[in-house]
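Colleague: Position in the sequence shown (from 1) plus 453 gives the number in our numbering.
Mind having a look at this structure? Questions to follow.
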Amino acid sequence: MSYDTIISGGTAHWSTHSAQADIAIRGEKIVAVGAPGTLKGDRKTRIIDARGMDVIPGCMDAHVHLALPFCGTVSCDDFDSGTRAAACGCITTVIDFAIPGKDQSLADADQVWHEKSDGIAHVDYTWHLAITNQRHIAEIPKMVKRGLPTFKEFMIYESEGWNSDDGMLFATLESIRKLGAGAAMLLLHAESARVLDMLIARMHTPAMMKKYGARLHAMTRPNFVEAEAIERAIHWSHVTGGTLYIVHMSTGEGADLVKAAQARGTPVIAETCVQYLTTDDSVFARKDGHLYACCPQVKKKRDIERLWRAIGPDGGEVSVVSTDTCSFTREQKAMWKGDWTKIPMGMPGLDTMVPVMYTHGVRAGRITMNKLVDLCATAPARIMGLGDRKGQIAPGFDADIAIIDPKRTVTVDHRKLQSRCDWNPYQGEKMGGFAKVTLCRGAVVVEDHKFVGKRGWGRFLERERVGARVAGAPVTDG
Ligand code: URP
Ligand code: ZN
Ligand code: ZN
454 MSYDTIISGG TAHWSTHSAQ ADIAIRGEKI VAVGAPGTLK GDRKTRIIDA RGMDVIPGCM
514 DAHVHLALPF CGTVSCDDFD SGTRAAACGC ITTVIDFAIP GKDQSLADAD QVWHEKSDGI
574 AHVDYTWHLA ITNQRHIAEI PKMVKRGLPT FKEFMIYESE GWNSDDGMLF ATLESIRKLG
634 AGAAMLLLHA ESARVLDMLI ARMHTPAMMK KYGARLHAMT RPNFVEAEAI ERAIHWSHVT
694 GGTLYIVHMS TGEGADLVKA AQARGTPVIA ETCVQYLTTD DSVFARKDGH LYACCPQVKK
754 KRDIERLWRA IGPDGGEVSV VSTDTCSFTR EQKAMWKGDW TKIPMGMPGL DTMVPVMYTH
814 GVRAGRITMN KLVDLCATAP ARIMGLGDRK GQIAPGFDAD IAIIDPKRTV TVDHRKLQSR
874 CDWNPYQGEK MGGFAKVTLC RGAVVVEDHK FVGKRGWGRF LERERVGARV AGAPVTDG
């Protein structure tokens, strides 16, 4: 058998084990995996020497917002810079959120997102569809047939026109349940809107803003704002049987609630983001603390510890790590002018998701390489309906592979990253885990730590069978 590429002699990591392996690629697919030296190329075969390197499946960021109109501006990373950042950070698939504008249907939003991304992206991509109107619920079956089986609702963001009430949440979960196990899933931004509004109104005074500045972001979002919302949503998932995925979970209380619900058989899955595993609200003491405003807000050190337990060897209640990339430059963040409710919310993340997990997770002894692969590649691929082609090093899977030099450590500097953002939450930190080589469907897009990809190589992915936390098994919904 002839091969286009052989990745030779590296330490390959799967979600279950690690081994020295050669990986052979033909066209866009992995075609063979064998013991070192067992796969032979011919004179045309490109050999990538991976001896001494970590070899992982290309990772997935299941939660990004590229070129999103939000908070009165547009997030500064688009499908060009965002997917370049992804490639250099070992990520070969990104999942955005197509959010309908006023009076738009889900089909309209799908078209708008194709216009933003087709012919531009450097790695593969797809999106969740945001349900922002009761009428969107009727479109769910048609969108599932189109290969878009994941839907998103926001419990907040009334001013953007994006918010869902409990009735919409309930009806969406019912509709998902009716389609049968594994057909569709609801992703949810869980924060208690009315209590949050009340806390914001109470603290939105010139005196409070003068005294506390951007710290009010954290002060108005105590843990119970997220916990109550998760608790309520779990209730609706339990009674409807509709599969629920809590996005960007930031609290220890959330992890406790999800764990208890999973033990009762409620079909709930949870995701956290790297910022909730690394950063606490003491950042608001910094002069540039407003840069860190994101939604939900970063919480306390004890939440960080609880979330590491939830993804660690004794946890499992949190299945996916993502970024919630929503980058805003210093100039965009400066729109706040002392009023924290006007800060564009979100941070850059695609360059550094895997490096953070490698550095704060693997090197710090909190998780194994296998767990990193599971959280950042294998589990999100299965849960998001790509489990038969992404997130695994195995014959038949897309040749999405990242190679990491375990001896390399760099100092994070936003000027050397691919994101257009002119700051980075990890600026100045020493990190490993950046891609030495990345292949996306067989094409080398990063070589020797440099981006070499082609605009437009990234392809839109149709998906099906969502919600499988365990190999082959969608979360039961009955
Ligand atoms: O701060 C964030 N996360 N911005 C993006 C919108 C969201 O809620 O995910
Ligand atoms: Zn959100
Ligand atoms: Zn988000």
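The beta carbon of each residue, even a glycine, is placed where N, CA and C say it ideally should be.
Small disclaimer: the values here were computed from a predicted structure and weren't measured.
Beta strand (DSSP E) containing M638: first to last residue?
Modeller: M638 to H642
Colleague: Can you tell me whether K869 is helix, strand or coil according to DSSP?
Modeller: Helix at K869.
Colleague: The alpha helix (DSSP H) spanning H688 covers which residue range?
Modeller: N676 to T693
Colleague: With burial defined as no fewer than 16 other Cβ atoms inside 10 Å of the residue's Cβ, what is the status of H516: buried or exposed?
Modeller: buried
Colleague: For the structure I just gave you, are there three or more beta carbon pairs, one from the stretch 886-904 and one from the stretch 795-803, closer than 8 Å?
Modeller: no
Colleague: Which residues bound the alpha helix (DSSP H) around H567?
Modeller: From DSSP, the alpha helix (DSSP H) with H567 extends over L559 to S570.
Colleague: Buried or exposed for F604, going by 16 or more other Cβ atoms inside 10 Å?
Modeller: buried
Colleague: Where DSSP assigns a beta bridge to I932, which residues make up the other side?
Modeller: Only positions 454 to 931 of the chain appear in the structure, and residue 932 is not among them; the question remains open.
Colleague: Relative to the C-alpha of C524, which candidate in W793, V727 and V721 has its C-alpha closest?
Modeller: That would be W793, whose Cα lies nearest to the Cα of C524.
Colleague: Under 7 Å: does the beta carbon of M798 sit that close to some heavy atom of ligand 1?
Modeller: yes
Colleague: Any idea which residues DSSP pairs S961 with across the strands?
Modeller: Residue 961 cannot be examined here, being either before or after the span of the chain that is shown, 454 to 931.
Colleague: Hey, quick one: how far does the beta strand (DSSP E) through R499 stretch, first residue to last?
Modeller: R499 to D502
Colleague: With 16 as the cutoff for other CB atoms within 10 Å, does V711 come out buried or exposed?
Modeller: buried
Colleague: I want to check one thing, is the minimum distance from the CB of F523 to the heavy atoms of ligand 1 below 7 Å?
Modeller: yes
Colleague: Assuming W789 is part of the alpha helix (DSSP H), what are its boundary residues?
Modeller: Run containing W789: none; DSSP gives neither H nor E here.
Colleague: Using a 10 Å radius around the Cβ and a threshold of 16 neighbouring Cβ atoms, would you call Q564 buried or exposed?
Modeller: exposed
Colleague: Answer yes or no: the CB of H642 versus the heavy atoms of ligand 2, is any distance below 7 Å?
Modeller: yes
Colleague: Rounded to whole angstroms, what is the Cα-Cα separation between T469 and A847?
Modeller: 13 Å
Colleague: Taking the alpha carbon of G600 as the reference point, which residue from D530, A637 and Y698 has its own alpha carbon closest?
Modeller: A637
Colleague: Specify the secondary structure class of L582 as computed by DSSP and reduced to three states.
Modeller: strand
Colleague: Can you check which of these residues, G614, R630 and I609, is closest to V597 by C-alpha distance?
Modeller: Taking only the C-alpha atoms, the option nearest V597 is R630.
Colleague: Quick check: is any heavy atom of ligand 2 less than 7 Å from the C-beta of H701?
Modeller: yes
Colleague: Applying the 10 Å Cβ sphere with the 16-neighbour rule, what's the burial state of H813?
Modeller: buried
Colleague: I'd like the list of long-range same chain contacts for G463, defined as Cβ closer than 6 Å, with 5 residues on each side in sequence excluded.
Modeller: A503, M506 and V508
Colleague: Can you give the Cα-Cα distance for L914 and S645, rounded to whole angstroms?
Modeller: 33 Å
Colleague: Among the candidates I857, R842, D858 and P859, whose CA atom is the shortest distance from the CA of D851?
Modeller: Closest option to D851, Cα to Cα, is R842.
Colleague: Residue range of the beta strand (DSSP E) that F887 falls in?
Modeller: F887 -> no beta strand (DSSP E), and no H or E assigned at all.
Colleague: Taking the C-alpha atoms as reference points, what is the distance between I764 and G705?
Modeller: 12 Å
Colleague: Measuring only from the beta carbon, is C779 closer than 7 Å to any heavy atom that is part of ligand 3?
Modeller: yes
Colleague: DSSP has S612 in a bridge; who is on the other side?
Modeller: Answer by DSSP bridge pairing: none, since S612 is not bridged.
Colleague: Please classify A660 as buried or exposed, where buried requires at least 16 other C-beta atoms within 10 Å of its C-beta.
Modeller: exposed
Colleague: Does any heavy atom of ligand 1 sit closer than 7 Å to the C-beta of C874?
Modeller: Distances between the C-beta of C874 and the heavy atoms of ligand 1 are all 7 Å or more.
Colleague: Is the stretch 718-732 in contact with the stretch 762-781, if contact means three or more CB pairs nearer than 8 Å?
Modeller: yes
Colleague: Below 7 Å CB to CB, which residues in the same chain sit around A624 once its five sequence neighbours on both sides are set aside?
Modeller: I590
Colleague: Name the DSSP beta bridge partners of C893, please?
Modeller: According to DSSP, C893 bridges with A896.
Colleague: Given a threshold of 16 other Cβ atoms within 10 Å of its Cβ, counted over all protein chains shown, does I796 qualify as buried or as exposed?
Modeller: buried
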